[in-house]
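To convert, take the position in the sequence shown, counting from 1, and add 149; that gives my numbering. Glycine is no exception: its CB is placed at the ideal position from the N, C-alpha and C atoms. Below: the structure, in structure tokens.
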Amino acid sequence: MKIAIASGKGGTGKSSVAINLSYLLLEDGINVNLLDCDVEEPNCHLFLNNNITFEKETAAEVIIPKINSDLCIACRKCAEFCKFKAQTVFKISNKIEHLFFSELCHSCGGCFLVCPQKAISKSCREIGKIKEKHVDLLSYPLLKLIYGELNIMEAKSPPLIQKVKEFAGKISEEDKGNREDKNNGDGKTVTIIDAPPGTSCPALAAIDGCDLILLVTEPTVFGVNDLELAADMVDSLNIPYKIIINKSDDNDNLVEKFIKKKNVEILAKIPNEKNYAKAYSRGEIMVQTYPEIKKYYQPIMDYIKKQV
Ligand code: SF4
Ligand code: SF4
Numbered sequence: 150m151k152i153a154i155a156s157g158k159g160g161t162g163k164s165s166v167a168i169n170l171s172y173l174l175l176e177d178g179i180n181v182n183l184l185d186c187d188v189e190e191p192n193c194h195l196f197l198n199n200n201i202t203f204e205k206e207t208a209a210e211v212i213i214p215k216i217n218s219d220l221c222i223a224c225r226k227c228a229e230f231c232k233f234k235a236q237t238v239f240k241i242s243n244k245i246e247h248l249f250f251s252e253l254c255h256s257c258g259g260c261f262l263v264c265p266q267k268a269i270s271k272s273c274r275e276i277g278k279i280k281e282k283h284v285d286l287l288s289y290p291l292l293k294l295i296y297g298e299l300n301i302m303e304a305k306s307p308p309l310i311q312k313v314k315e316f317a318g319k320i321s322e323e324d325k326g327n328r329e330d331k332n333n334g335d336g337k338t339v340t341i342i343d344a345p346p347g348t349s350c351p352a353l354a355a356i357d358g359c360d361l362i363l364l365v366t367e368p369t370v371f372g373v374n375d376l377e378l379a380a381d382m383v384d385s386l387n388i389p390y391k392i393i394i395n396k397s398d399d400n401d402n403l404v405e406k407f408i409k410k411k412n413v414e415i416l417a418k419i420p421n422e423k424n425y426a427k428a429y430s431r432g433e434i435m436v437q438t439y440p441e442i443k444k445y446y447q448p449i450m451d452y453i454k455k456q457v
């Protein structure tokens with residue numbers, strides 16, 4: 150089962166929910182692949198670094214065109230085909246100039262196909278890193294943390310997010326049957342995706358293909374406004390979703406009004422407590438430091454366990 154933790158705005162507590170949920174699933178004997186898809190500023194590892202038993206780094210590359218100017222006849226078919234204006238061709242005093250803007254290229258591969266001279270071949274460009282870490286938090290199931298780190302100055306994060314998900318998919322396949330569930334022997338695995346905030350391409354890339362979205366919001370006017378946008382995004386993908394109110398307080402009615410309108414369920418309310426925030430800022434797993442928080446996560450756990 151793949152569950153994305155998403156939100157319309159930053160700072161609602163997505164990473165906190167993703168980490169605490171991962172911990173509780175492990176406690177219940179369920180293996181977890183935690184994917185930090187907030188590749189512009191991944192932070193889940195900050196809560197888990199003390200328990201790493203294995204780590205590996207892989208370069209994430211995208212395909213880009215490489216032009217053989219000896220074969221090019223300046224027909225401009227490649228430039229006309231490219232909807233992203235990533236290349237242009239012109240002639241100056243009979244000399245052919247081919248300009249390529251790698252940061253605009255979406256690696257669609259179209260220009261390779263339209264070139265009548267077969268003057269375009271495939272080359273690669275590194276856009277970031279994929280990091281895999283094994284985390285030994287408890288004596289039974291293992292948490293695998295997989296996250297992307299976008300290179301500095303890199304403009305587009307969706308390709309890296311897709312690569313993180315593909316990488317995790319391969320690992321899950323390799324793991325099938327290998328993972329041992331010492332608790333009850335059924336070896337189930339849940340994938341938790343910490344999605345980037347917002348409702349644009351990076352968020353869509355992260356939640357696409359998930360079985361369930363948990364939309365984390367806070368009871369503020371901004372929070373509810375961005376929750377509405379996020380709910381519309383999830384509706385457009387036709388994925389079931391539930392709401393989690395983080396920093397829940399006397400203003401929850403702001404969210405509740407929206408929930409009634411949308412006819413969607415609030416699965417959990419996590420109270421606004423200074424101590425919980427302090428534990429988070431110290432890089433602690435909140436349910437470990439304050440086990441009483443587990444009761445707020447119980448409805449989420451019950452729901453997931455029913456689905457798994
Ligand atoms: S691969 Fe696609 S996006 Fe990139 S330059 Fe070629 S046509 Fe444009
Ligand atoms: S399509 Fe091929 S031959 Fe035509 S301008 Fe582009 S690279 Fe040159």
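What does residue i pair with, by DSSP beta-bridge criteria?
i, result
"G277", "A209, L299"
"Q236", "F249"
"H283", "F203, K293"
"T340", "K151, N182"
"I453", "Its beta-bridge partners do not exist; DSSP assigns none."
"K244", "I241"
Cβ of residue i versus every heavy atom of ligand 2: is any distance shorter than 6 Å?
i, result
"V238", "yes"
"I222", "yes"
"K226", "yes"
"I241", "no"
"A268", "yes"
So for residue i, helix, strand or coil by DSSP?
i, result
"I362", "strand"
"I154", "strand"
"N333", "Low per-residue confidence applies at N333: pLDDT is 47, beneath 50, and the placement is therefore not dependable, though the value from the model is reported in the following sentence. In this structure, N333 counts as coil in the three-state DSSP scheme."
"E269", "Residue 269 is actually Ile in this sequence, not Glu. I269: strand per DSSP, three-state reduction."
"I201", "strand"
"I442", "helix"
"I388", "coil"
"N395", "strand"
"K325", "coil"
"P214", "strand"
"I419", "strand"
"A304", "coil"
"A228", "helix"
"G347", "coil"
"C260", "helix"
"L173", "helix"
"A223", "coil"
Quick one, are the C-beta atoms of residue i and residue j less than 7 Å apart?
i, j, result
"T161", "E414", "no"
"V343", "A167", "Here the sequence assigns Asp to residue 343, which means Val is not the residue at that position. In this structure, A167 lies closer than 7 Å to D343 by Cβ."
"V365", "K163", "yes"
"G277", "E298", "yes"
"L195", "G347", "no"
"F233", "G259", "no"
"S218", "Y429", "no"
"M450", "I442", "no"
"K267", "I212", "no"
"V339", "I216", "no"
"H283", "T207", "no"
"D375", "K158", "yes"
"I362", "A155", "yes"
"I310", "A379", "no"
"V263", "K226", "yes"
"K407", "V457", "The amino acid occupying residue 407 in the given sequence is Phe; Lys does not appear at that position. For F407 and V457, no; Cβs fall outside 7 Å."
"S397", "P420", "yes"
"L174", "V181", "yes"
Would the C-beta of residue i count as close to ligand 1, meaning under 6 Å from any of its heavy atoms?
i, result
"C264", "no"
"K214", "First, the amino acid is wrong: residue 214 is Pro here, not Lys. Within the cutoff, so yes."
"H255", "yes"
"F233", "yes"
"C350", "no"
"C260", "yes"
Would you say the beta carbon of residue i comes nearer than 6 Å to a heavy atom of ligand 4?
i, result
"S385", "Looking at this structure, you won't find ligand 4 anywhere; what it does contain is ligand 1 and ligand 2."
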